[in-house]
Amino acid sequence: MAGPNGHPDLEGVDPERGGEALLDQFGRPLHDLRISVTDRCNFRCQYCMPKEIFGPNFAFLPREAILTFEEIARVARIAAGLGVRKFRLTGGEPLLRAELPKLVAMLNEIPDTEIALTTNGTLLASQAEALAAAGLDRVTVSLDSIDDAVFRAMNDMDFPVAIVLEGVEAAAAAGLGPIKLNAVVRRGVNDHTLLELARHFRGTPHIVRFIEFMDVGSTNGWQLDEVVPAAELARLIDGEFPLEPVDPNYEGEVAQRYRYRDGAGEIGFITSVTQPFCGTCTRARLSAEGQLYTCLFATHGSDLRAKLRDGSSDEAIAGLLAGIWRAREDRYSEIRSDATVTLDPRPRVEMSYIGG
Ligand code: SAM
Numbered sequence: 004m005a006g007p008n009g010h011p012d013l014e015g016v017d018p019e020r021g022g023e024a025l026l027d028q029f030g031r032p033l034h035d036l037r038i039s040v041t042d043r044c045n046f047r048c049q050y051c052m053p054k055e056i057f058g059p060n061f062a063f064l065p066r067e068a069i070l071t072f073e074e075i076a077r078v079a080r081i082a083a084g085l086g087v088r089k090f091r092l093t094g095g096e097p098l099l100r101a102e103l104p105k106l107v108a109m110l111n112e113i114p115d116t117e118i119a120l121t122t123n124g125t126l127l128a129s130q131a132e133a134l135a136a137a138g139l140d141r142v143t144v145s146l147d148s149i150d151d152a153v154f155r156a157m158n159d160m161d162f163p164v165a166i167v168l169e170g171v172e173a174a175a176a177a178g179l180g181p182i183k184l185n186a187v188v189r190r191g192v193n194d195h196t197l198l199e200l201a202r203h204f205r206g207t208p209h210i211v212r213f214i215e216f217m218d219v220g221s222t223n224g225w226q227l228d229e230v231v232p233a234a235e236l237a238r239l240i241d242g243e244f245p246l247e248p249v250d251p252n253y254e255g256e257v258a259q260r261y262r263y264r265d266g267a268g269e270i271g272f273i274t275s276v277t278q279p280f281c282g283t284c285t286r287a288r289l290s291a292e293g294q295l296y297t298c299l300f301a302t303h304g305s306d307l308r309a310k311l312r313d314g315s316s317d318e319a320i321a322g323l324l325a326g327i328w329r330a331r332e333d334r335y336s337e338i339r340s341d342a343t344v345t346l347d348p349r350p351r352v353e354m355s356y357i358g359g
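Numbering (the numbering used here), first residue to last: 4 to 359.
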């Protein structure tokens, strides 16, 4: 039977309601769980974890506050019972979390689910094989520029492009390709290097995706004039390498897909600001300390850790999760685009805390 989006695998099954689909206030099923495994990162991108705030005195989460692998796997299993079909490990930088392949192996035991990872790629070369062997299905690597000087300046820790490219190669060799490469575009910062990025990966199976700079968190000094609309970027790339649109892989896919007309591969655009896609958002996010968020732009989450640690049963936690999802009415990005609505002035959760 087709789900509310006409897509069979988007059905969230709610055991609490005798197998009825678990839907939020706008009829969206719970399909994806993004799991942040750490709030720490080895990059200090100005737009995400600026050094002025995330400096030597910043209080990152203490070890005991962070969910154990067993706790994460338990939430994941319960979420799968409510319809989640995809887990994405993120952070912070997820590969900083010790023994991550162990968590992947635990998630891999949950039937009918896939496991993806979003990473900056700097530690991927040494870990790709173990991650693949543990059951990781796919990797997305963040790479904002192929220009070494621009990239070093953007990560603000002087990491070279070469180390990320080695990670991409290792992941491809481990069978984790085709790899998606995500570049956040900021006008005047890296937009002059994006054609070069597209050119670098043309003719490979890897897919570069350009992301509009978003107003996540409260520390990145976001300005609308720094957002390069995806349509502008698509015109620029099309002028050099003619493009044609490709149908989405599934309803609700975040990236708008294009392929080069000469057959040299695929690219994508994530239009989070100019064409928000809240209507098909099926994602929940679990922070490293076990707060559950139903929107990337949320101002507050729900504390699952307390339930995981107070002897609550799986059924009780499933009930809590189902209740949170059923009550969900987030559609921040659509509201942001609607000038008649005043946005919630409370500080929003940081991307480095909640995961991308
Ligand atoms: N450390 C990992 C990485 O670099 O991919 C995972 C976490 S990181 C927060 C996930 C993604 O969020 C990265 O691609 C990053 O560039 C993106 N990101 C962070 N802040 C952003 C913003 N304000 N707008 C758009 N993307 C952002």
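Note that beta-carbon positions come from the ideal geometry of N, C-alpha and C, so glycine has one too.
If you draw a straight line from the C-alpha of residue i to the C-alpha of residue j, how long is it?
{"i": "G58", "j": "D150", "result": "26 Å"}
{"i": "R88", "j": "Q130", "result": "24 Å"}
{"i": "P350", "j": "F63", "result": "18 Å"}
{"i": "F204", "j": "A76", "result": "35 Å"}
{"i": "Q259", "j": "I210", "result": "12 Å"}
{"i": "H34", "j": "E55", "result": "36 Å"}
{"i": "M217", "j": "P104", "result": "30 Å"}
{"i": "V219", "j": "R37", "result": "16 Å"}
{"i": "F213", "j": "A135", "result": "26 Å"}
{"i": "A301", "j": "F272", "result": "23 Å"}
{"i": "F46", "j": "E23", "result": "43 Å"}
{"i": "E215", "j": "P251", "result": "19 Å"}
{"i": "A175", "j": "L127", "result": "11 Å"}
Considering only their Cβ atoms, is the gap separating residue j from residue i smaller than 9 Å?
{"i": "R31", "j": "G282", "result": "yes"}
{"i": "T125", "j": "L98", "result": "yes"}
{"i": "T116", "j": "T143", "result": "no"}
{"i": "A160", "j": "D147", "result": "The identity of residue 160 in the sequence shown is Met, whereas the question assumes Ala. Not closer than 9 Å, so no."}
{"i": "L246", "j": "A234", "result": "no"}
{"i": "E70", "j": "L289", "result": "The sequence shown places Leu at residue 70, not Glu. Yes, the Cβ-Cβ distance between L70 and L289 is below 9 Å."}
{"i": "K316", "j": "G94", "result": "Position check: residue 316 holds Ser in this sequence, whereas Lys was assumed. Cβ distance not < 9 Å, so S316 and G94 don't count as in contact."}
{"i": "I270", "j": "A201", "result": "yes"}
Could you check whether the Cβ of residue i sits closer than 8 Å to any heavy atom belonging to the ligand SAM?
{"i": "Y50", "result": "yes"}
{"i": "S145", "result": "yes"}
{"i": "D194", "result": "no"}
{"i": "D218", "result": "yes"}
{"i": "F46", "result": "yes"}
{"i": "G94", "result": "yes"}
{"i": "E215", "result": "yes"}
{"i": "G271", "result": "no"}
{"i": "G358", "result": "yes"}
{"i": "V231", "result": "no"}
{"i": "M160", "result": "no"}
Tell me the DSSP secondary structure of residue i in three-state form.
{"i": "R88", "result": "coil"}
{"i": "Y356", "result": "helix"}
{"i": "P65", "result": "coil"}
{"i": "L324", "result": "helix"}
{"i": "S336", "result": "helix"}
{"i": "Q226", "result": "coil"}
{"i": "P350", "result": "coil"}
{"i": "V171", "result": "helix"}
{"i": "E23", "result": "strand"}
{"i": "L295", "result": "strand"}
{"i": "N185", "result": "strand"}
{"i": "D161", "result": "coil"}
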